[in-house]
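S.K.: Taking my numbering, I'd label the letters of the sequence shown as residues 17 to 161. Even glycine gets a Cβ: it sits at the ideal position worked out from N, Cα and C.
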Amino acid sequence: MTTSPADHIRLATKSDIPNLMQIRLSVRENILSNPAKVPESAYDPFIEQGSLWLCEQVTGKCLGFAAADLRDGSIWALFISPEAEGRGIGQSLMAQMIGDLRRAGWQQATLSTQPESRAAAFYQRNGWVAGGMTGGGEQIFIRPL
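#1: Among G115, S67, E72, R103, whose alpha-carbon lies nearest the alpha-carbon of W92?
#2: Can you tell me which of D23, E45, K77, R44 puts its alpha carbon nearest to the alpha carbon of I33?
#3: CB-CB under 6 Å to I96, same chain, minus the five flanking residues each way: which ones, in chain order?
#4: Between which residues of its own chain and W144 is the CB-CB distance below 6 Å, once the five residues before and five after are set aside?
#5: Going by C-alpha distance, which of G151, S133, T150 is nearest V43?
#6: Grouping DSSP H, G and I as helix and E and B as strand, with all else coil, what is P98?
#7: Hey, quick one: how far does the alpha helix (DSSP H) through A136 stretch, first residue to last?
#8: Just to confirm before moving on: does the CB-CB distance between A82 and Q130 stay below 8 Å?
#9: Determine the direct distance from the alpha carbon of D60 to that of R119, and round the result to whole angstroms.
#10: Can you give the Cα-Cα distance for I171 and D116, rounded to whole angstroms?
#11: In chain order, what residues of the same chain lie with their CB nearer than 7 Å to the CB of I39, ignoring the 5 residues before and after it?
#12: Kindly indicate the opening and closing residues of the beta strand (DSSP E) around K56.
#13: To the nearest angstrom, report how far apart T75 and Q124 are at their CA atoms.
#14: With burial defined as no fewer than 16 other Cβ atoms inside 10 Å of the residue's Cβ, what is the status of E72: buried or exposed?
#15: Which term fits M149, buried or exposed, when burial requires 16 or more other beta carbons within 10 angstroms of its beta carbon?
Rendered as structure tokens:
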């Protein structure tokens, strides 16, 4: 599956943050659905380093977003609006983040997510390998770049 020709991937700006938060809160398996745990200010470093991407329709409706942390070689976020799932948007956004991390000099990327979740299955299908657990009970995934 691929994104629709009408879908557009671009770098996010501060004015996009409310839409990004709305998508994060709409994802069914998201344990961070409490806005206090991920405030608007949490997005700022990724906007400033140019590694927060979003996919939007030609109408401007945001369909998903993703951010890589260039400081530590990790994926900070990858969220797709429930009505936009299955269209290849996650893979397209992942490609942007992988490119960002490679350009920043990273040899591998890491991320963590809920074990045995749909997100974990997505990462495994896309070349990520389980690499242990965090102290908070999330599954760590690693991918060579």
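M.R.: Taking the definition as stated:
#1: S67
#2: K77
#3: G80, I105, G106
#4: F157, R159
#5: S133
#6: helix
#7: 134-141
#8: no
#9: 20 Å
#10: Given that the chain is displayed from residue 17 to residue 161, the structure contains no residue 171 and the question cannot be resolved.
#11: C78, G80, F81, F95, S97
#12: Note that residue 56 corresponds to Glu in the displayed sequence, not to Lys. Per DSSP, E56 belongs to no beta strand (DSSP E) and is neither H nor E.
#13: 36 Å
#14: buried
#15: exposed
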